[in-house]
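Participant: One structure, as structure tokens, below. Some questions next.
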Amino acid sequence: MTNKVSIFAVDPGTVTGIARGLFPLETKSVWAGLEAGEWDSWEVDGLPKFQAWEIMSEYEEWSGAPTFAKFKKLGVTKRIFVVEDFVVRLGTGPSSKADLLDPVRVAEGIETLSINREGLTWCVIQRQQPSHAKGFATNDRLRKHGLWVKGSEHRRDAVRHMATAYAGVVKNG
22 MTNKVSIFAV DPGTVTGIAR GLFPLETKSV WAGLEAGEWD SWEVDGLPKF QAWEIMSEYE
82 EWSGAPTFAK FKKLGVTKRI FVVEDFVVRL GTGPSSKADL LDPVRVAEGI ETLSINREGL
142 TWCVIQRQQP SHAKGFATND RLRKHGLWVK GSEHRRDAVR HMATAYAGVV KNG
């Protein structure tokens with residue numbers, strides 16, 4: 022596969038879901054391209070600042086950043102790093118009030134680590150609304166196209182963000 026897009030998607034929180042993949046830029050449809058791609062997903066947890074370090078270290082290792090040498094060898098011509106935008110949703114549950122801000126802390130840590138010592142951004146972070154991802158990459162669509170992740174809602178939401186980001190690239194060029 023040449024002329025690929027890399028997508029790294031993060032669903033930040035007390036437990037953070039991550040999905041990453043390489044997908045063709047030329048495809049008959051968004052879902053056909055997602056099916057043709059190679060992807061994986063996992064979770065990280067712990068203090069938000071350590072999650073951010075782990076996530077950015079994994080992205081650097083995967084991509085060959087800051088020069089993106091690994092991506093260049095793989096034919097990646099477009100890179101997307103997407104993080105779910107956090108909106109406070111007050112409800113009932115076992116979470117402490119401090120935990121409610123974990124998604125913000127993880128996301129801001131990632132953005133901070135995307136700036137090098139000279140103040141230049143080496144990794145552009147895009148934000149995506151949860152409703153946008155859940156509206157596009159529904160449970161039924163994830164199941165139908167082989168993107169369903171069993172058990173982990175965090176990983177599944179990261180996959181939703183990855184699929185939605187890919188749809189934006191394929192539809193918008």
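Anchor point for the sequence shown: position 6 equals 27 in the numbering used here, and the numbering is continuous, going up by one each time.
Note that CB positions come from ideal geometry on N, CA and C, so glycine has one too.
Computed from a prediction, not measured in an experiment: that's the story for all the values here.
1) Please work out which residues of its chain come closer than 6 Å, Cβ to Cβ, to PRO124, disregarding the five sequence neighbours upstream and downstream, and give them in chain order.
2) Helix, strand or coil, according to DSSP, for VAL180 in the structure here?
3) Give me the Cα-Cα distance between ILE131 and LEU122, rounded to the nearest whole angstrom.
4) May I ask you to list the residues that DSSP assigns as paired with LYS25?
5) Mind checking which residues open and close the alpha helix (DSSP H) that includes VAL203?
6) Among the residues of its own chain, which have a CB less than 6 Å from the CB of TRP63, if the five just before and after it don't count?
7) Which term fits ILE136, buried or exposed, when burial requires 16 or more other beta carbons within 10 angstroms of its beta carbon?
8) I need the straight-line Cα distance from ASP61 to ARG41, nearest angstrom please.
9) According to DSSP, simplified to helix, strand and coil, what is PHE102?
10) With the cut-off set at 7 Å, would you say LEU134 and ALA73 are in Cβ contact?
11) What three-state label does DSSP hand GLU56 in the structure shown?
12) Can we say the stretch 94–101 touches the stretch 65–83, given the rule of at least three CB pairs closer than 8 Å?
Facilitator: So, to answer that:
1) In the sequence shown, counting from the first residue as 1, residue 124 sits at position 103. Excluding sequence neighbours, PRO124 sits near PRO33, GLY34, PHE107.
2) Here residue 180 is taken as the residue at index 159 of the sequence shown, counted from 1. VAL180: helix per DSSP, three-state reduction.
3) Taking the first residue of the sequence shown as position 1, residue 131 is located at position 110. Taking the first residue of the sequence shown as position 1, residue 122 is located at position 101. Each residue's alpha carbon lies about 14 Å from the other.
4) In the sequence shown, residue 25 corresponds to position 4, counting from 1. PRO45, VAL97.
5) No statement about residue 203 is possible, as the shown extent of the chain runs from 22 to 194 and does not include it.
6) As a first step, residue 63 must be located in the sequence shown, where it is residue number 42. Excluding residues within five positions, the ones whose Cβ falls inside 6 Å are ILE39.
7) As a position in the sequence shown, residue 136 is number 115, starting the count at 1. Exposed, since its Cβ has fewer than 16 Cβ neighbours within 10 Å.
8) Counted from its first residue, the sequence shown places residue 61 at position 40. Counted from its first residue, the sequence shown places residue 41 at position 20. Taking the straight line from one Cα to the other gives about 6 Å.
9) Here residue 102 refers to the residue found at position 81 of the sequence shown. DSSP places PHE102 in strand when its eight states are reduced to three.
10) Looking up residue 134 in the sequence shown gives position 113. Looking up residue 73 in the sequence shown gives position 52. Closer than 7 Å, so yes.
11) What you label residue 56 is simply residue 35 of the sequence shown in a count that begins at 1. Three-state result, GLU56: helix.
12) Contact between the stretch 94–101 and the stretch 65–83 is absent, because fewer than three Cβ pairs lie under 8 Å.
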